[in-house]
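> The opening residue of the sequence shown carries number 1405 in the working numbering; numbering runs sequentially from there.
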Amino acid sequence: MTLSIQRNGAVGALVSGVDLRALSQSDLHTLRDAFAEHGALFFHGQQLTPEQHIVLAESWGDINVNRFFRAVPEHPRIAEVRKEPDQTVNIGGGWHTDHSYDQIPALGSMLYAREVPAFGGDTLFASTCAAYDSLSDGLKRTLLGLRAVHSSRHVFGAQSAYVQSAGDRLGNADAASQDAVHPVVIRHPLSGRPSLYVNPAFTLQFEGWTPMESAPLLEMLYRHIARPEHTWRFHWQPGSLAFWDNRATWHLAVNDYHGERRLMHRITLEGGPLEAYSH
Ligand SMILES: O=C(O)CCC(=O)C(=O)O
Ligand SMILES: [Fe+2]
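1. Could you tell me the distance, in whole angstroms, from the CA atom of residue 1436 to the CA atom of residue 1453?
2. Among 1491, 1456 and 1489, which one has its Cα closest to the Cα of residue 1479?
3. Return the CA-CA distance between residue 1409 and residue 1621, expressed in angstroms with no decimal places.
4. By the 10 Å Cβ neighbour count, where 16 or more other Cβ atoms means buried, how is residue 1508 classified, buried or exposed?
5. If contact is defined by three or more beta carbon pairs under 8 Å, each pair taking one atom from either stretch, is the region 1625-1632 in contact with the region 1528-1548?
6. Do residue 1517 and residue 1635 have their C-beta atoms within less than 7 Å of each other?
7. In this structure, what does DSSP give as the bridge partners for residue 1514?
8. Over what stretch of residues does the beta strand (DSSP E) that includes residue 1611 continue unbroken?
9. Pull the bridge partners of residue 1484 from the DSSP assignment, please.
10. Which residue wins for smallest C-alpha separation from residue 1663, given the options 1487, 1652 and 1671?
11. Just to confirm my understanding: we take residue 1558, look at its own chain, exclude 5 residues before and 5 after, and list those with CB closer than 7 Å. What are they?
12. For residue 1429, does the count of other Cβ atoms within 10 angstroms reach 16, so buried, or fall short, so exposed?
13. Do you know whose CA, among 1596, 1578 and 1503, lies nearest residue 1584's CA?
14. Measuring alpha carbon to alpha carbon, tell me which residue in 1523, 1651, 1580 and 1459 is nearest residue 1424.
15. Between which residues of its own chain and residue 1643 is the CB-CB distance below 7 Å, once the five residues before and five after are set aside?
16. Does the distance from the C-beta atom of residue 1599 to that of residue 1590 stay below 7 Å?
17. Determine whether the beta carbon atoms of residue 1520 and residue 1552 lie at a separation below 7 Å.
18. Between the Cα of residue 1464 and the Cα atoms of 1680, 1674, 1500 and 1681, which residue gives the shortest distance?
19. By the 10 Å Cβ neighbour count, where 16 or more other Cβ atoms means buried, how is residue 1433 classified, buried or exposed?
20. Keeping to the same chain, check which residues put their C-beta closer than 6 Å to that of residue 1592; ignore five residues upstream and five downstream.
21. Quick one: is residue 1647 buried, meaning 16 or more other Cβ sit within 10 Å of its Cβ, or exposed?
22. Less than 7 Å between the beta carbons of residue 1440 and residue 1678, yes or no?
23. Taking 6 Å as the limit, name every residue whose beta carbon sits nearer than that to some heavy atom of ligand 1, in sequence order.
24. Since I believe residue 1505 is in contact with residue 1569 (beta carbons under 8 Å), could you give me their beta-carbon distance rounded to a whole number of angstroms?
25. Can you tell me whether residue 1649 is buried or exposed, with buried defined as 16 or more other CB within 10 angstroms of its CB?
26. Just tell me which of 1539, 1416 and 1572 has its CA closest to the CA of residue 1475.
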């Protein structure tokens, strides 16, 4: 098998010719470079047991256990992303990046498809690096001086409509007490590229601005990041794996398959501190 990497549009690359159960050191090196360059890697036709999924994740870095997702039975380090035929709410159905409410956000996740609907259930990705690059120089200069406040409280706390509608798929609402402040434009820890680090799920306001003052500029940035030319759509098969970088991308799980089951296993990797981008 020969490993080959084919880039998508603005975000991610499709990797073929590789068995994720048997990566050589040289494959791993190639994948690390590709991950830094493309922000997400996509694979099809993988056959991973939960144990092999864990081995794969550990070959990359340390595992981070998400406090809110229900775990796969007997695998406390694997989160379950599930929607049953009788459920209408899905997990991650709006644009977001995971863990921005942590002061040291997780690097990203390896999401592995076990059961997928016959049609739909795709995941959209957006490049927050491409989105920064396509802003005007004037707005870039303004954003470089800003920091933003992020929180988990309104999403994963007990009062949240999302938690109430997710049933037993989400839990531990008492742990939803994180607030973090991050630069609005970060230097991507792997690529060094500037990346827009705000998202509609967890960002509350710019530091030192009121929520009302922040909303119009945040909304503008959200519309800009979600522009079609910054995005790509991944269609899952059983055995597909997506590995995304939370510091370079957003994602959105499309909820268009009511009446069918979709079951994914997610392992999240520890990240590192974020720095502001400066010229
Ligand atoms: O199910 C998906 O496609 C993604 C769900 C999600 O947002 C996540 O696992 O972080
Ligand atoms: Fe997510």
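Backbone N, C-alpha and C fix where the C-beta goes; we use that ideal spot for every residue, glycine too.
Considering the structure as presented:
1. C-alpha separation (whole angstroms): 22 Å.
2. 1456
3. Their backbone Cα atoms lie some 36 Å apart in a straight line.
4. exposed
5. yes
6. Not closer than 7 Å, so no.
7. 1647 and 1671.
8. DSSP places residue 1611 outside any beta strand (DSSP E), giving it a letter other than H or E.
9. 1669
10. 1487
11. Taken in chain order, the residues that qualify are 1564.
12. exposed
13. Residue 1584 has its Cα closest to that of 1503, out of 1596, 1578 and 1503.
14. 1459
15. 1448, 1449, 1450, 1451 and 1517
16. Closer than 7 Å, so yes.
17. no
18. When each option's Cα is compared against that of residue 1464, the closest is 1674.
19. exposed
20. 1599, 1651 and 1652
21. buried
22. no
23. This criterion selects 1485, 1495, 1496, 1502, 1513, 1515, 1527, 1655, 1657, 1668 and 1670.
24. Contact flag wrong, Cβ pair sits at about 20 Å.
25. Residue 1649 comes out buried.
26. 1572
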